[in-house]
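Position one of the sequence shown corresponds to residue 1 (the UniProt record's numbering), numbered consecutively onward.
Built from N, CA and C at the ideal position, the CB exists for glycine as well.
Just so it is clear, the structure is predicted and the values come from calculations on it, not from any experiment.
Notes for the one structure printed next.
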Amino acid sequence: MIMTLSSDEQKQYNRHLILKEIGESGQLKLKQAKVLVIGAGGLGCPVLQYLTAAGVGTIGIIDHDVVDQSNLQRQILYTMEDIGCSKAGTAAKRLSKLNPFVHFNTYAKKLSIGNALSLCGEYDIIVDGSDNFATRYLVNDAAVLTNKPLVYGAIFKFEGQVSVFNYLGSATYRCLYPTPPKPEDSPNCSEIGVLGVLPGIIGSLQANEVLKMITGLGTVMTNKLLLFDALSMQQQVLNFEKDTTIRITDLKQDYEGFCGIVPVQHITYGELEKNRAHYNVLDVREDAEREVHHIGGQHIPLGDLPQRYQDINTALPVVVYCKTGKRSGVAISYLKDRLKDAVFYNLQNGLPL
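Written out as structure tokens, the structure is:
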């Protein structure tokens, strides 16, 4: 069956069609393409918006998280009405209004060793919009094993990075970053903040790489890393080589362990309150967060732990908490290496409202 563009699609994509470099043949390539976007957060939102607007025929969205009010500063697909709703489902619903000619597959679950290969295998290109190193290594390995190109983006406060891995035999994420940083040295947006427009810029650049690959235009960012500074508007492109000694044969690696994330015990807020006298409590959020709301206990922000971890009262098991449970998990991984006789619990799902 020969694929064509309907009259409505021709109207929708008029500005592409009048570009001789794209035209109808290029637009049909976009219509036939299948792209999987990992994460519908800061990076995922602009990626999804521009791929949808461009007419990528099938877009997969995987994200196990729900919309939080703190997301709205940069995740511009969502509104106040979406708070508490699935990001994957909400994104697809809103994007369908932008372009009804695109088909969306949503996965409101976490990418894992058990599903990464099957999911990546269904798509032509993978876009990594994740915010943690364990997922980045997992996505990279799954892309390599399924022989799919991977468009990488990352943000940190005012700076961003973009590259393309595993495209036509090019270098992979492991060639650029063979070993991950320590958890305490790699905070995410919820820990250190991020300029709201930055993920929009980096996500747009990621979408650009996807469109170039699908249409065959331009030069794809393989074996190169783009560094962008939003404050100075300076950009650098660094070259790196493929490491032919790296062999990826399966997904059996403990990715969180590889990234220094130590398995921790969890405790619910209800369990903590029933036996509060049997625990010490540690808040690792920032000062401004604690001023708004807290449940008592010691307060040492995550970034201050290297200088102050010896101040922690470990006579009783320590329940560590933050807003969502992510920073407290990183804190426990760090503390377990230094306070080896102490017992730590992560407050499950973070601080209650």
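field: Coarse secondary structure for PHE133, derived from DSSP in three states
entry: Start at 1 with the first residue of the sequence shown, and residue 133 comes out as number 133. Helix, per DSSP.
message: What does the alpha-carbon distance come out to for the pair ILE22 and ASP283?
response: As a position in the sequence shown, residue 22 is number 22, starting the count at 1. As a position in the sequence shown, residue 283 is number 283, starting the count at 1. ILE22 and ASP283: Cα-Cα distance of roughly 54 Å.
- Query: DSSP puts ASP128 in a beta bridge; with which residues?
  - Reply: In the sequence shown, residue 128 corresponds to position 128, counting from 1. According to DSSP, ASP128 bridges with ILE38 and TYR152.
query: Measuring CB to CB, does VAL151 end up less than 8 Å from LEU111?
result: Within the sequence shown, numbered from 1, the residue matching residue 151 stands at position 151. Within the sequence shown, numbered from 1, the residue matching residue 111 stands at position 111. Not a contact, by the Cβ cut-off of 8 Å.
query = Mapping DSSP to helix, strand and coil, what is ILE22?
reply = In the sequence shown, the residue the question calls residue 22 occupies position 22. Residue state, collapsed to three classes: coil.
Inset, instruction - Would you check if the distance between the CB atom of LYS148 and the CB atom of CYS120 is smaller than 8 Å? - result: Taking the sequence shown and counting its residues from 1, the one referred to as residue 148 is at position 148. Taking the sequence shown and counting its residues from 1, the one referred to as residue 120 is at position 120. In contact: LYS148 and CYS120 (Cβ atoms closer than 8 Å).
At the level of alpha carbons, what is the spacing between ASN223 and LYS242? Translated into positions along the sequence shown, residue 223 becomes position 223. Translated into positions along the sequence shown, residue 242 becomes position 242. Cα-Cα distance, rounded: 7 Å.
Quick check: TYR123 and LEU36, are their CB atoms within less than 8 Å of each other? Taking the first residue of the sequence shown as position 1, residue 123 is located at position 123. Taking the first residue of the sequence shown as position 1, residue 36 is located at position 36. In this structure, LEU36 lies closer than 8 Å to TYR123 by Cβ.
Q. Taking DSSP as the reference, what is the three-state secondary structure of ASN239?
A. The residue labelled residue 239 in the question sits at position 239 within the sequence shown. Of the three classes helix, strand and coil, the one that applies to ASN239 here is strand, per DSSP.
| With a CB to CB cut of under 7 Å and the five nearest residues on each side skipped, what residues in its chain are close to LYS29? | Translated into the one-based positions of the sequence shown, residue 29 becomes position 29. The residues are ILE214 and THR215.
| request: Ignoring anything shorter than 4 residues or poking outside the region 283–318, list the alpha helix (DSSP H) runs there in chain order. | output: 287–292 and 305–308
Any C-beta of chain D under 8 Å from that of GLN307
No chain D is present in this structure, which holds just one protein chain.
| message | Checking 8 Å against the spacing of the C-beta atoms, do VAL56 and VAL102 come in under that value? | response | In the sequence shown, the residue the question calls residue 56 occupies position 56. In the sequence shown, the residue the question calls residue 102 occupies position 102. Contact flag set, yes.
Below 8 Å CB to CB, which residues in the same chain sit around LYS109 once its five sequence neighbours on both sides are set aside? Counted from its first residue, the sequence shown places residue 109 at position 109. Correct list, in chain order: ILE62, HIS64 and ASN115.
* To do: Below 7 Å CB to CB, which residues in the same chain sit around ALA92 once its five sequence neighbours on both sides are set aside?
  => Counted from its first residue, the sequence shown places residue 92 at position 92. Answer for ALA92: ILE61, PHE104 and THR106, listed in chain order.
Q.
Pop quiz: ALA207 and PRO46 are said to be a contact at Cβ under 8 Å. What is the actual Cβ separation, rounded to whole angstroms?
A. Taking the sequence shown and counting its residues from 1, one reaches residue 207 at position 207. Taking the sequence shown and counting its residues from 1, one reaches residue 46 at position 46. Confirmed, Cβ separation roughly 7 Å.
In this structure, how does DSSP classify ASN223 when only helix, strand and coil are distinguished?
In the sequence shown, residue 223 corresponds to position 223, counting from 1. The answer is coil: DSSP assigns ASN223 none of H, G, I, E or B.
Give a yes or no on whether the C-beta atoms belonging to VAL281 and GLN298 are separated by under 8 Å. Position 281 of the sequence shown, counted from the start, is the residue given in the question as residue 281. Position 298 of the sequence shown, counted from the start, is the residue given in the question as residue 298. In contact: VAL281 and GLN298 (Cβ atoms closer than 8 Å).
*I think SER118 touches ILE38, with their Cβ atoms under 8 Å apart; what is that distance to the nearest whole Å?*
Numbered from its first residue, the sequence shown carries residue 118 at position 118. Numbered from its first residue, the sequence shown carries residue 38 at position 38. Between ILE38 and SER118 the Cβ distance is about 14 Å, and since that is not below 8 Å, they are no contact.
Exercise for the section: Along the beta strand (DSSP E) that carries PHE104, what are the first and last residues, could you check? Expected result: Your numbering for residue 104 matches position 104 in the sequence shown. Per DSSP, PHE104 belongs to the beta strand (DSSP E) from 103–107.
Report task. Per DSSP, which residues does HIS64 bridge with? Please list them. Result -> For this step, residue 64 is matched to residue 64 along the sequence shown. In the DSSP output, where bridge partners are listed per residue, HIS64 has none listed.
Q. DSSP on ASP341, reduced to helix/strand/coil?
A. Counting from one through the sequence shown, the residue named residue 341 turns up at place 341. It is coil, neither helix nor strand.
Check: Between PHE258 and TYR13, what straight-line distance do the alpha-carbon atoms span, to the nearest angstrom?
Finding: Counting from 1 along the sequence shown, the entry for residue 258 is found at position 258. Counting from 1 along the sequence shown, the entry for residue 13 is found at position 13. So the two alpha carbons sit approximately 45 Å from each other.
Classify ASP250: buried if its beta carbon has 16 or more other beta carbons within 10 angstroms, exposed otherwise. As a working mapping, residue 250 is identified with position 250 in the sequence shown. So ASP250 ends up on the exposed side.
Within 8 Å, strictly: CB atoms of GLU209 and VAL164: For the purposes of this step, residue 209 is taken as residue 209 along the sequence shown, with counting starting at 1. For the purposes of this step, residue 164 is taken as residue 164 along the sequence shown, with counting starting at 1. It is a contact, given that the beta carbons lie within the stated cut-off.
Going straight from the alpha carbon of PHE228 to that of ALA53, what length do you get?
-> One-based indexing of the sequence shown puts residue 228 at position 228. One-based indexing of the sequence shown puts residue 53 at position 53. Their backbone Cα atoms lie some 25 Å apart in a straight line.
I'd like to confirm the pairing. Which residues does DSSP put opposite HIS266 in its beta bridges? In the sequence shown, the residue the question calls residue 266 occupies position 266. Its beta-bridge partners are ASN346.
Reference GLU159; option with closest CA among TYR345, ALA342 and SER232 | By 1-based counting over the sequence shown, the position of residue 159 is 159. Of the candidates TYR345, ALA342 and SER232, the one whose C-alpha sits nearest the C-alpha of GLU159 is SER232.
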